[in-house]
Every structure is written in C-alpha cells, then in structure tokens.
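S.K.: Got a structure here, written out as structure tokens. Questions coming.
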Amino acid sequence: MKIRKKIEGYVKVMKWTQGDLYWKHAFMVRKFALLLQKQLGGDRDVVEAAALLHDVGKKELLAPGHEKISAKLAEKLLSGLGFNKEKINKVVKCIKYQNFRLLEARILRSADSMALIMDPKGQKWYSKHILRNNKKRIASELKKSFSEIEFGFAKSLVIDTFQKLMRQFGEDVGSKY
Ligand SMILES: [Fe+2]
C-alpha cells in the first residue's frame, strides 16, 4: 500500500523527543496493534493508520490534550492521501481516545500501553523529562499502562517485563497480577 509508506514517512520526520524515540514508539505501537488485530479482528487499515499517527499531536503539545491535535493532523494527512472517508472517521475516533466502543480504539489503547511497557529507551526518556525520575510516579504510570491492556493474551505478552519493572521501581507486586 503506497499510502502506508507515506504515513510512515510523515511519522518518521517528526521528533518530539531527542533521537528516534518518537517514531520508534509509533512503530512499536503499530507492531502490537497489528498483532492484536490479527487475533481480534477489526479493520487492519484503520488499526495501522491509527497506531502510526496516534501521537503526532505531541509535536505541538507534549501534555494531555495532544489527542485532539493528533486526530486533526491525522485527518488532514489521510484526507490528502485519499484514504477512505469512512476509515478516516474511525481513525479519528481511535486517536481521540474517548470512545472505546470501537474495537479498533480498544486495540490502539492496549497496544499503546504494551509499547510503553516494552520500550526501555522511551521509558527512560519519559521518566526523566516528564516524571522527573520520581519512582512512585513511574510505578504508578506503569501500573496504569498495564491496567489499560484489556485482552488477556496481550497482558500475558508483557507481564514478565511489567513485573520486572515494578520490582525495579520498588514495588513488589508478587502474584497480584
Ligand atoms: Fe503513544
């Protein structure tokens, strides 16, 4: 799909963190999202575009609220690329992170959280720049991410890493999860 290459290109030139962390996060979210989509169904094109574009608004706002900006930017890009209108509407809904009745939106939220847990470099950056290396805050963000993964088999893919991280940040979760 030609459009895919164009979306990837758009995502790759965006940098809201040093180095390549931004697009690596987006690509990792895509990897997990497609894995979930294969098992759960849903529209593959929507899942892929939403995963790649879900954080593009962070180039303008690195705080809550970037979801709306991301959705607008994605809509503009995809319309320009001639992406199917109905699919664009779904992508926009996914990226807004408000309505989780759509399977694709649920897949995106789970995949985003899986990527946060499985990306040590991204975590390091986020912990340092956003959470000021506060162990309690890091642990609580990780717990939030883990709780937002709603599919059992998705949770099982990241649980070892999650538990290791929790121990590292001073929380003994034992067999709680
Ligand atoms: Fe994200």
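When we follow the numbering used here, the leftmost residue of the sequence shown carries the number 35, and every step to the right adds one. Don't be surprised by glycine CBs; every beta carbon is placed ideally from N, CA and C.
With burial defined as no fewer than 16 other Cβ atoms inside 10 Å of the residue's Cβ, what is the status of Phe230: buried or exposed?
M.R.: A question about residue 230 goes unanswered here, because the residues of the chain that appear run from 35 up to 211.
S.K.: Buried or exposed, going by whether 16 or more other CB atoms sit within 10 Å of the CB of Ser179?
M.R.: For this step, residue 179 is matched to residue 145 along the sequence shown. Buried: at least 16 other Cβ atoms inside 10 Å.
S.K.: Taking the alpha carbon of Gly116 as the point to measure from, which residue in Glu205, Asp206, Ile37, Gly204 has its own alpha carbon closest?
M.R.: Position 82 of the sequence shown, counted from the start, is the residue given in the question as residue 116. Comparing Cα-Cα distances from Gly116 to each of Glu205, Asp206, Ile37, Gly204, the minimum goes to Ile37.
S.K.: Residues in the same chain with beta-carbon distance under 8 Å from Leu95, minus the five sequence neighbours each way, listed in chain order, please.
M.R.: As a working note, residue 95 is residue 61 in the sequence shown. Excluding sequence neighbours, Leu95 sits near Ile103.
S.K.: Please enumerate, following chain order, all residues with a beta carbon closer than 5 Å to at least one heavy atom belonging to ligand 1.
M.R.: Ordered along the chain, the selected set is Asp89, Asp146.
S.K.: Which of helix, strand or coil does DSSP assign to Ile183?
M.R.: As a first step, residue 183 must be located in the sequence shown, where it is residue number 149. In the structure shown, Ile183 sits in coil (DSSP, three-state: anything other than H, G, I, E or B).
S.K.: Quick check: Ala105 and Val126, are their CB atoms within less than 7 Å of each other?
M.R.: Here residue 105 refers to the residue found at position 71 when the sequence shown is read from its first residue. Here residue 126 refers to the residue found at position 92 when the sequence shown is read from its first residue. Yes, Cβ-Cβ distance for Ala105 and Val126 is below 7 Å.
S.K.: Under three-state DSSP, which class holds Gln132?
M.R.: Taking the first residue of the sequence shown as 1, we reach residue 132 at position 98. In the structure shown, Gln132 sits in coil (DSSP, three-state: anything other than H, G, I, E or B).
S.K.: Relative to the alpha-carbon of Pro154, which residue among Val47, Leu55, Ser144 has its alpha-carbon at the smallest distance?
M.R.: As a working note, residue 154 is residue 120 in the sequence shown. Per the Cα distances, Leu55.
S.K.: Does the Cβ-Cβ distance between Ile193 and Ser144 come in under 7 Å?
M.R.: In the sequence shown, the residue the question calls residue 193 occupies position 159. In the sequence shown, the residue the question calls residue 144 occupies position 110. Cβ atoms of Ile193 and Ser144: not closer than 7 Å.
S.K.: In terms of residues, what are the limits of the alpha helix (DSSP H) holding Met62?
M.R.: As a working note, residue 62 is residue 28 in the sequence shown. From DSSP, the alpha helix (DSSP H) with Met62 extends over 55 to 74.
S.K.: Distance check for Leu176 and Gly204, CA to CA, integer angstroms please.
M.R.: Taking the sequence shown and counting its residues from 1, the one referred to as residue 204 is at position 170. Taking the sequence shown and counting its residues from 1, the one referred to as residue 176 is at position 142. One C-alpha to the other measures close to 12 Å.
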